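**Student:** Numbering (the working numbering), first residue to last: 11 to 274. Glycine included, C-beta positions come from ideal geometry on N, C-alpha and C. Values in this document were obtained by computation on a predicted structure and should not be read as measured data.
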């Protein structure tokens, strides 16, 4: 494995830790019963660290886990429906979210659950320290523009609840979290969370940016390097109190009764 690949896997694991800490040291929020949940699909699994939430901790890959590399937006060939489908961190990857969520709904077993976790690429701020003239915000706008040109949704988080309800999932729950970007928060938990989030953002910034800005927006490498230097300066500025908006939405496929679906 190349050194760069190892670093990216480490970054993905750190990003996973940030999310777990954010939602209360849990891997997911849907109220599933692990003992009766036999088939689980994890979409966008990253390094696979999350496999441990339904298996005994062990070295290597547990015998009840199977990794597949496939296009989740292409046709699904499923012999048996799933009890739980989990999707996380698919921003800038999906062209048609309603279609994907509908496909997930179709492939759930009756009474099965699905959970979607994602973000908005535009950073939030509650005290006016994040302004539109910051390089950080310029980067976010350009990233969104590049994704739009590729036909990919860059900020699915705020839209997840409506899409899930339209699928039509029932017993839908929506939760919104703010993940600090940097150690500017006063309390110890959010300060630690912000530091971890800053570390994984700084580590991944080149990978997030170079291919999109050069290949899609037509920038030169030198122009990107200059912008990213300014972005890093903003990210490390403790006077800038930016946070990432993170959304968790889960819902259940209710078994049909007399030709109709049960209501909430």
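(1) Would you mind giving the Cβ-Cβ distance between residue 154 and residue 131, rounded to the nearest angstrom? I have them listed as a contact below 8 Å.
(2) Could you have a look at residue 147 and say whether DSSP puts it in helix, strand or coil?
(3) If you follow the alpha helix (DSSP H) that residue 169 is part of, which residue opens it and which one closes it?
(4) Just list the residues that DSSP pairs residue 226 with in beta bridges.
(5) For the beta strand (DSSP E) that residue 114 lies in, which residues bound it at each end?
(6) Measuring alpha carbon to alpha carbon, tell me which of 27, 19, 26 and 31 ends up nearest residue 199.
(7) State yes or no: is the C-beta of residue 167 within less than 9 Å of the C-beta of residue 252?
(8) I need the straight-line Cα distance from residue 23 to residue 248, nearest angstrom please.
(9) Would you mind working out which of 257, 78 and 42 sits nearest residue 54, comparing C-alpha positions?
(10) Please report the Cβ distance between residue 192 and residue 215, rounded to the nearest whole angstrom; I am assuming they are in contact, meaning their Cβ atoms lie under 8 Å.
(11) For the segment 117-128 and the segment 88-101, state whether three or more C-beta atom pairs, one from each stretch, are separated by less than 8 Å.
(12) Are the segment 226-244 and the segment 46-53 touching by the rule of at least three beta carbon pairs closer than 8 Å?
**Tutor:** A quick look at the data gives this:
(1) 6 Å
(2) helix
(3) It is not in any alpha helix (DSSP H) - residue 169 carries neither H nor E in the DSSP assignment.
(4) DSSP, once it has assigned bridges, lists no residue as partnering residue 226.
(5) Residue 114 -> not in any beta strand (DSSP E); alpha helix (DSSP H) instead, spanning 107-116.
(6) 31
(7) no
(8) 25 Å
(9) 78
(10) With 8 Å as the limit, residue 192 and residue 215 do not qualify as a contact, their Cβ atoms being about 14 Å apart.
(11) yes
(12) no
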